[in-house]
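There are 2 protein chains.
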Amino acid sequence: MTAKHHHEINGSLSADCMTLLEPLLSIRHYADGELIFARGEYKAGLCIVLEGSVKVGNYGTDGRYFLSKVLKPNESFGEFTIFSKLPRTHTAEACGESKVAYVSPGKLKKAIMNQPEIALQLLQSLSTRLHMSLEVMDDIKRLPVAVRIAKLLHELNREAGGLDVRSLSQEELASQLGVSRMVVSSSLKELNQLGLINKAYRSIQIPNTQKLLAWIKERQQIKDLL
Amino acid sequence: MTAKHHHEINGSLSADCMTLLEPLLSIRHYADGELIFARGEYKAGLCIVLEGSVKVGNYGTDGRYFLSKVLKPNESFGEFTIFSKLPRTHTAEACGESKVAYVSPGKLKKAIMNQPEIALQLLQSLSTRLHMSLEVMDDIKRLPVAVRIAKLLHELNREAGGLDVRSLSQEELASQLGVSRMVVSSSLKELNQLGLINKAYRSIQIPNTQKLLAWIKERQQIKDLL
DNA sequence: GTATAAATGTAAATAAGTTTACATTTATAC
DNA sequence: GTATAAATGTAAACTTATTTACATTTATAC
């Protein structure tokens, strides 16, 4: 991919967007594990993670937990409660001490009418996230778990800014991918033996990002993009 | 779900939105199977299906085809090429004689700045589609194929306006769900034996929508929304 | 009508991932 | 340091879906 065409794929809100939204925000603090929104609630509003993280997922009738995504600062959720009048379909909980901003539907819509740049920013975030979501769905359909784990690790590594992925349990990886912990364990063993990762207790290092990426690309099943 | 809260979940563009966008559209006709955009292309632009349908998917390096979605009139695609400057990640092909509208990035952005209502409409479409996509991903993680087929049939049936789903091969269903034709065949057999569908050659009828929905809800694994 | 192509049915062998169960390692609280 | 909890390793039994292979049914072109 040429430099000209290289763009970070990231669904979080840009600094510009945060500046534009700042006057609209009501800020709330949450303790670790505290409920932010529950599945089924009709209270609409855009939420933006400012500090800490937010776990979005659902509890099955049998008590099992299905994780959808762990949101980090500048990531938003709940757009559809504003623009599509749908109820909350996922439960959001603070993951560690967290600071979350809230924007009411009325305020946001009014702001968009006055400052359409806000809309452009939100459109960027939503279109990127839709795109990422569709890509992940494609991956689920065609890639074995080991490759999907490799992609997730690479992604987490990139987001964290090239650092090693500390304090990340295999349980969490499994939850994030929607697979069992056991298959994560054996896949990581495989990646480790190939020298693509260095695994330790609650920690995975990627010694060579390029090498990992090359390994993934070989297994993508579809033609590479430029 | 109360009437007050009932909303059709649908990612397509509203009639209002189509009216707003009308002056911006360049229209093109495509023959059956004709290429609209190929994976990797950088030509940005929003596309809206006006007539016929558009198949969005990708061809694997081994020739296998992975279908993402079949788009029907008033459904759009390619937003992320405008708002996120990403290349086309999927190949779009006409599926039968089709009429597709095209909006250039410049025109669309300018129109949004002048008429922010357009942005609200696009935000609705995108947030709904993101939401639907995340729901499907949840389903993939926790539901057996038979239930996912039932949900897809119910959805197709609803979209088609309560009619039977004609001219729908099991191959297409399999492609859409990303599973093999054989498991679709046996799942349909199961649904048929339960009296939830009537299947025939290239056609599936749903005799009782409520009954099918009830069967699905029993198997959703998570608490029903209201 | 008949031949052909498309779609569907079915079943055995295989593969991938889950579940269950328990051992082992590592961190942390006291 | 030691006890305890959390995380990880591993393997067998099981489940689900794929692959391969072929038979059968249905539509369509001639």
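Line by line, the protein sequences give chains P and H. Start counting the first sequence at 408; every next residue gets the next number (this note's numbering). Start counting the second sequence at 408; every next residue gets the next number (this note's numbering). In this text, a Cβ means the ideal position worked out from N, Cα and C, and glycines have one as well. Computed from a prediction, not measured in an experiment: that's the story for all the values here.
Taking only beta-carbon positions, decide if residue i is within less than 8 Å of chain H.
| i | result |
| --- | --- |
| M425 of chain P | no |
| I604 of chain P | no |
| M589 of chain P | no |
| Q628 of chain P | yes |
| D545 of chain P | yes |
| L559 of chain P | no |
| G568 of chain P | no |
| K516 of chain P | yes |
| I416 of chain P | yes |
| L580 of chain P | no |
| K548 of chain P | yes |
| G447 of chain P | yes |
| G470 of chain P | no |
| G513 of chain P | no |
Short of 7 Å in beta carbon distance, which residues of its chain neighbour residue i, apart from the five on each side in sequence? Order them along the chain.
| i | result |
| --- | --- |
| H497 of chain P | R446, V463, G464, N465 and S475 |
| L560 of chain H | V572, I604, I611 and I613 |
| L420 of chain P | I455, N481, S483, Q528 and S532 |
| A438 of chain H | A501 and E504 |
| R609 of chain P | S574, L575 and S576 |
| P512 of chain H | A451, G452 and I489 |
| V586 of chain P | V552 |
| K514 of chain H | L431 |
| R565 of chain H | none |
| D546 of chain P | R555 and K558 |
| G440 of chain H | E500 and A501 |
| L620 of chain H | H561 |
Excluding sequence positions up to five away, which residues of its chain have a Cβ less than 8 Å from the Cβ of residue i?
| i | result |
| --- | --- |
| Q628 of chain H | R549 and L550 |
| T535 of chain P | I416, N417 and G418 |
| N599 of chain P | N605 and K606 |
| K618 of chain H | G602 and L603 |
| Y472 of chain P | G464, N465, Y466 and S582 |
| D631 of chain H | K624 |
| Q522 of chain H | L427 |
| L651 of chain P | No answer is possible for residue 651 of chain P: it lies beyond the span of chain P, which begins at 408 and ends at 633. |
| K516 of chain P | I489 |
Can you tell me the Cβ-Cβ gap for residue i and residue j, rounded? I've got them flagged as a contact below 8 Å.
| i | j | result |
| --- | --- | --- |
| V461 of chain H | A499 of chain H | 5 Å |
| E504 of chain P | P480 of chain P | Not a contact, Cβ separation roughly 13 Å. |
| S594 of chain P | V552 of chain P | 5 Å |
| W622 of chain P | A557 of chain P | 7 Å |
| E578 of chain P | R588 of chain P | 5 Å |
Who are the near neighbours of residue i in its chain, counting only those whose CB is closer than 6 Å to its CB and skipping five residues on each side?
| i | result |
| --- | --- |
| L580 of chain P | V591 |
| E448 of chain P | R495 |
| V477 of chain P | S460 and K462 |
| R626 of chain P | V554 |
| L442 of chain P | E500 |
| F444 of chain P | R495 and A499 |
| S433 of chain P | Y509 |
| I525 of chain H | L427, A518 and I519 |
| C424 of chain H | Q528 |
| T468 of chain H | none |
| H436 of chain P | K506 |
Beta-carbon of residue i versus every beta-carbon of chain P: anything under 8 Å?
| i | result |
| --- | --- |
| T616 of chain H | no |
| L428 of chain H | no |
| S475 of chain H | yes |
| R555 of chain H | no |
| N465 of chain H | yes |
| L632 of chain H | yes |
| G585 of chain H | yes |
*Taking contact to mean at least 3 C-beta pairs separated by less than 8 Å, is the segment 485-493 of chain H in contact with the segment 525-533 of chain P?*
Contact holds: three or more Cβ-Cβ distances are below 8 Å.
*Note down, in chain order, all residues in the segment 483-497 of chain H with a beta-carbon under 7 Å from any beta-carbon belonging to chain P.*
Within the segment 483-497 of chain H, E486, F487, F490, S491, K492, L493, P494 and T496 place their CB atoms closer than 7 Å to a CB of chain P, listed in sequence order.
_Quick test of the definition: if touching needs 3 or more C-beta pairs under 8 Å, does the segment 537-549 of chain H touch the segment 424-434 of chain H?_
With fewer than three CB-CB distances shorter than 8 Å, the segment 537-549 of chain H does not count as touching the segment 424-434 of chain H.
*For the segment 520-542 of chain H, which residues have a beta carbon sitting closer than 7 Å to at least one beta carbon of chain P?*
So the close ones are M520, P523, A526, L527, L529, L530, Q531, L533, S534, T535, R536, L537, H538, S540, L541 and E542.
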